[in-house]
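Trainee: Have a look at the structure that comes next, please.
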Amino acid sequence: MHILVTGGAGFLGSNLCKRLLSQGHSIECVDNLLTGRRSNIAEFESDARFCFIEHDITAGYKPMHKPDQIYNLACPASPRWYQATPIATTLTNVVGMRNMLELARVHDATILQASTSEVYGDPEIHPQPESYHGNVNPIGIRSCYDEGKRVAESLCFDYLRTHATRIKVARIFNTYGPRMAQDDGRAISSFIVAALRHNPLVLYGNGNQTRSFCYVDDLIDALVLLMNSSRETTGPVNLGSQYEYAIRDVAELIRELTRSSSVLEYQPIPEDDPRIRKPDISRARTELGWYPTTSLETGLEKTIKYFHTMLDESENCE
Numbered sequence: 006m007h008i009l010v011t012g013g014a015g016f017l018g019s020n021l022c023k024r025l026l027s028q029g030h031s032i033e034c035v036d037n038l039l040t041g042r043r044s045n046i047a048e049f050e051s052d053a054r055f056c057f058i059e060h061d062i063t064a065g066y067k068p069m070h071k072p073d074q075i076y077n078l079a080c081p082a083s084p085r086w087y088q089a090t091p092i093a094t095t096l097t098n099v100v101g102m103r104n105m106l107e108l109a110r111v112h113d114a115t116i117l118q119a120s121t122s123e124v125y126g127d128p129e130i131h132p133q134p135e136s137y138h139g140n141v142n143p144i145g146i147r148s149c150y151d152e153g154k155r156v157a158e159s160l161c162f163d164y165l166r167t168h169a170t171r172i173k174v175a176r177i178f179n180t181y182g183p184r185m186a187q188d189d190g191r192a193i194s195s196f197i198v199a200a201l202r203h204n205p206l207v208l209y210g211n212g213n214q215t216r217s218f219c220y221v222d223d224l225i226d227a228l229v230l231l232m233n234s235s236r237e238t239t240g241p242v243n244l245g246s247q248y249e250y251a252i253r254d255v256a257e258l259i260r261e262l263t264r265s266s267s268v269l270e271y272q273p274i275p276e277d278d279p280r281i282r283k284p285d286i287s288r289a290r291t292e293l294g295w296y297p298t299t300s301l302e303t304g305l306e307k308t309i310k311y312f313h314t315m316l317d318e319s320e321n322c323e
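Mind the numbering: the sequence shown is residues 6 to 323 in the working numbering, read in order.
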């Protein structure tokens, strides 16, 4: 197939491109490089089946080839980045989503929207099922991402009802692994980089906030399964780990795995930071036959190896 991947130079997008190429597909990768990195896709650019286009999907997009499938992963995904570019983030989620849905409608392609667990906000139901409508602050510093993704989901289902567009909506929970950026501000990447440099590991509040961390290979498995599921399987489908960890415990584990001398440092908790986060993945198990299989320790070891290599290369270039 010919597959369009927006946000394809980002963390998830580049891992997805790698998987799709390994399956024999042709990939048209579109990214404005606001947070994506050319280095993430460097290994693919010599492949004749891979094409990279630097472009912002809020300006519309005319594909080079008729797409069979569209994976829409375009959007800053870490709080540090989307809070630095809130207007662009909102427009990517709304205008960019509408543009990609139009492409899917015109070309009769299936489109998968990478939504997020952030649509649940600071949840009052735990774990979070897809039927939960969330507890989101619509005017807070995270709302450009949270509310933007909620509007994107709404557009998907309006296109389904109005135009019978083939849609898939994935609600992605915290994911980690190779190709994460060292400066994206997410917990695992920040902890690993700090631990490898023997710098303090910064925790917010008391560090008792919980997250469910899913290794990237497991998440990519789920995205491909969802995209190729029956037309009736539209989602939203929660995709994430069924295991929940306190952030402080994850920091301690990373410190142990890296044999780091880093200390834990505590800072005030940011505004609207969710206290708990864990998906109910019953729907993914039932409709996709999917659940994560990579343990946290195994996934962290692979991620630490990636960052160790990346830091060595960057320091050797200085």
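Yeah, the Cβ is synthetic: ideal placement off N, Cα and C, and Gly gets one too.
Tell me whether residue 323 sits in a helix, a strand or coil according to DSSP, three-state version.
Mentor: As a first step, residue 323 must be located in the sequence shown, where it is residue number 318. With a pLDDT of 47 at residue 323, under the threshold of 50, the predicted position of this residue should be treated as unreliable, though the coordinate-derived value follows. When DSSP states are grouped into helix, strand and coil, residue 323 belongs to the coil group.
Trainee: Specify the secondary structure class of residue 264 as computed by DSSP and reduced to three states.
Mentor: Counting from 1 along the sequence shown, the entry for residue 264 is found at position 259. Of the three classes helix, strand and coil, the one that applies to residue 264 here is coil, per DSSP.
Trainee: If you reduce the DSSP assignment to three classes, tell me which class residue 187 lands in.
Mentor: Indexing the sequence shown from 1 puts residue 187 at position 182. Residue 187: coil per DSSP, three-state reduction.
Trainee: Taking only the alpha-carbon atoms, compute the straight-line gap between residue 280 and residue 127 and give it to the nearest angstrom.
Mentor: Position 275 of the sequence shown, counted from the start, is the residue given in the question as residue 280. Position 122 of the sequence shown, counted from the start, is the residue given in the question as residue 127. Near 6 Å, if we compare the C-alpha coordinates of residue 127 and residue 280.
Trainee: Judging by CA-CA distance, which residue of 275, 237, 196 and 228 is the nearest neighbour of residue 257?
Mentor: Within the sequence shown, the letter at position 252 stands for residue 257. Closest by C-alpha distance to residue 257, out of 275, 237, 196 and 228, is 196.
Trainee: State the beta-bridge partners of residue 175 as determined by DSSP.
Mentor: Translated into the one-based positions of the sequence shown, residue 175 becomes position 170. Residue 175 is bridged to 119 and 242.
Trainee: State whether the stretch 192-206 contacts the stretch 257-269, with contact taken as three or more CB pairs (one from each stretch) at a distance under 8 Å.
Mentor: yes
Trainee: Report the three-state DSSP secondary structure of residue 35 (helix, strand or coil).
Mentor: Counted from its first residue, the sequence shown places residue 35 at position 30. Note: residue 35 maps to strand in three-state DSSP.
Trainee: Closest by CA to residue 113, which one among 74, 93 and 129?
Mentor: By one-based count along the sequence shown, residue 113 stands at place 108. Nearest Cα to residue 113 within the set 74, 93 and 129: 74.
Trainee: Please classify residue 213 as buried or exposed, where buried requires at least 16 neighbouring CB atoms within 10 angstroms.
Mentor: The residue labelled residue 213 in the question sits at position 208 within the sequence shown. Counting Cβ neighbours within 10 Å, residue 213 comes out exposed, since fewer than 16 surround it.
Trainee: Give me, in chain order, the residues of the same chain whose beta-carbon lies closer than 8 Å to that of residue 92; leave out the 5 immediate sequence neighbours on both sides.
Mentor: In the sequence shown, counting from the first residue as 1, residue 92 sits at position 87. Only residues of its own chain outside the window of five on either side were considered, and among them 149 have a CB closer than 8 Å to the CB of residue 92, listed in chain order.
Trainee: Considering only the alpha carbon of each residue, which of 259, 63, 249 and 298 lies closest to residue 95?
Mentor: Indexing the sequence shown from 1 puts residue 95 at position 90. The shortest Cα separation from residue 95 among 259, 63, 249 and 298 belongs to 63.
Trainee: Do three or more CB pairs link the stretch 16-25 to the stretch 174-185 at distances below 8 Å?
Mentor: yes
Trainee: Would you please state the rounded distance, in angstroms, between the beta carbons of residue 227 and residue 293? I believe it to be under 8 Å.
Mentor: As a first step, residue 227 must be located in the sequence shown, where it is residue number 222. As a first step, residue 293 must be located in the sequence shown, where it is residue number 288. Contact flag correct, Cβ pair sits at about 6 Å.
Trainee: Considering only their Cβ atoms, is the gap separating residue 7 from residue 70 smaller than 7 Å?
Mentor: Taking the first residue of the sequence shown as 1, we reach residue 70 at position 65. Taking the first residue of the sequence shown as 1, we reach residue 7 at position 2. Contact: yes.
Trainee: Anyone know if the C-beta pair for residue 79 and residue 101 falls short of 7 Å?
Mentor: Along the sequence shown, read from residue 1 onward, the residue named residue 79 stands at position 74. Along the sequence shown, read from residue 1 onward, the residue named residue 101 stands at position 96. Yes, these two residues count as a Cβ contact at 7 Å.
Trainee: Does the beta-carbon of residue 144 have 16 or more other beta-carbons within 10 angstroms, so that it is buried, or is it exposed?
Mentor: Numbered from its first residue, the sequence shown carries residue 144 at position 139. Looking at its Cβ environment, which holds fewer than 16 other Cβ atoms inside 10 Å, residue 144 is exposed.
Trainee: Output needed for residue 245: all residues of its chain with C-beta closer than 6 Å, excluding positions within five of it in sequence on either side, in chain order.
Mentor: Walking along the sequence shown from the start, residue 245 turns up at place 240. The beta carbon of residue 245 sits closer than 6 Å to the beta carbons of 178, 217, 219 and 284 from its chain, once the five residues preceding and following it are set aside; these are given in chain order.
Trainee: Would you please state the rounded distance, in angstroms, between the beta carbons of residue 208 and residue 173? I believe it to be under 8 Å.
Mentor: Counting from one through the sequence shown, the residue named residue 208 turns up at place 203. Counting from one through the sequence shown, the residue named residue 173 turns up at place 168. Actually they do not touch by this definition, with Cβ atoms about 36 Å apart.
Trainee: Hey, how far is the Cα of residue 104 from the Cα of residue 176?
Mentor: The count along the sequence shown starts at 1 and reaches residue 104 at position 99. The count along the sequence shown starts at 1 and reaches residue 176 at position 171. Distance between the alpha carbons of residue 104 and residue 176 is about 20 Å.
Trainee: In whole angstroms, what separates the C-alpha of residue 142 from that of residue 277?
Mentor: The residue you call residue 142 lines up with position 137 of the sequence shown. The residue you call residue 277 lines up with position 272 of the sequence shown. The alpha-carbon atoms of residue 142 and residue 277 are separated by roughly 8 Å.
Trainee: Give me, in chain order, the residues of the same chain whose beta-carbon lies closer than 8 Å to that of residue 14; leave out the 5 immediate sequence neighbours on both sides.
Mentor: Numbered from 1 along the sequence shown, position 9 holds the residue referred to as residue 14. Cβ-Cβ distances below 8 Å link residue 14 to 34, 36, 38, 41, 42, 43, 45, 46 and 57 in the same chain, with the five nearest sequence neighbours on each side left out; the list follows chain order.
Trainee: Take residue 26 and list the residues in its own chain whose beta-carbon comes closer than 7 Å to its own, dropping the five residues that flank it on each side.
Mentor: Looking up residue 26 in the sequence shown gives position 21. So the list reads 32, 49, 52, 54 and 55, once near-sequence residues are dropped.
Trainee: Between which two residues does the beta strand (DSSP E) harbouring residue 77 extend?
Mentor: The residue labelled residue 77 in the question sits at position 72 within the sequence shown. Taken as a continuous stretch (DSSP letters only), the beta strand (DSSP E) holding residue 77 covers 74-77.
Trainee: Can you give the Cα-Cα distance for residue 168 and residue 307, rounded to whole angstroms?
Mentor: Locating residue 168 in the sequence shown gives position 163, where the first residue counts as 1. Locating residue 307 in the sequence shown gives position 302, where the first residue counts as 1. So the alpha carbons of these two residues sit roughly 43 Å apart.
Trainee: Name the one or two DSSP bridge partners that residue 180 has.
Mentor: The residue you call residue 180 lines up with position 175 of the sequence shown. Per DSSP, 219.
Trainee: Give the straight-line distance between the Cα atoms of residue 314 and residue 194, rounded to the nearest whole angstrom.
Mentor: Translated into positions along the sequence shown, residue 314 becomes position 309. Translated into positions along the sequence shown, residue 194 becomes position 189. Taking the straight line joining both Cα atoms gives about 14 Å.
Trainee: Classify residue 272 as helix, strand or coil using the three-state DSSP reduction.
Mentor: For the purposes of this step, residue 272 is taken as the residue at position 267 of the sequence shown. Strand, per DSSP.
Trainee: Please classify residue 275: is it buried, with 16 or more other beta-carbons within 10 angstroms of its beta-carbon, or exposed?
Mentor: Reading the sequence shown from its first residue, position 270 is the one you call residue 275. Looking at its Cβ environment, which holds fewer than 16 other Cβ atoms inside 10 Å, residue 275 is exposed.
Trainee: Report the rounded CA-to-CA distance for residue 98 versus residue 151, giving the unit in angstroms.
Mentor: One-based indexing of the sequence shown puts residue 98 at position 93. One-based indexing of the sequence shown puts residue 151 at position 146. Distance between the alpha carbons of residue 98 and residue 151 is about 10 Å.
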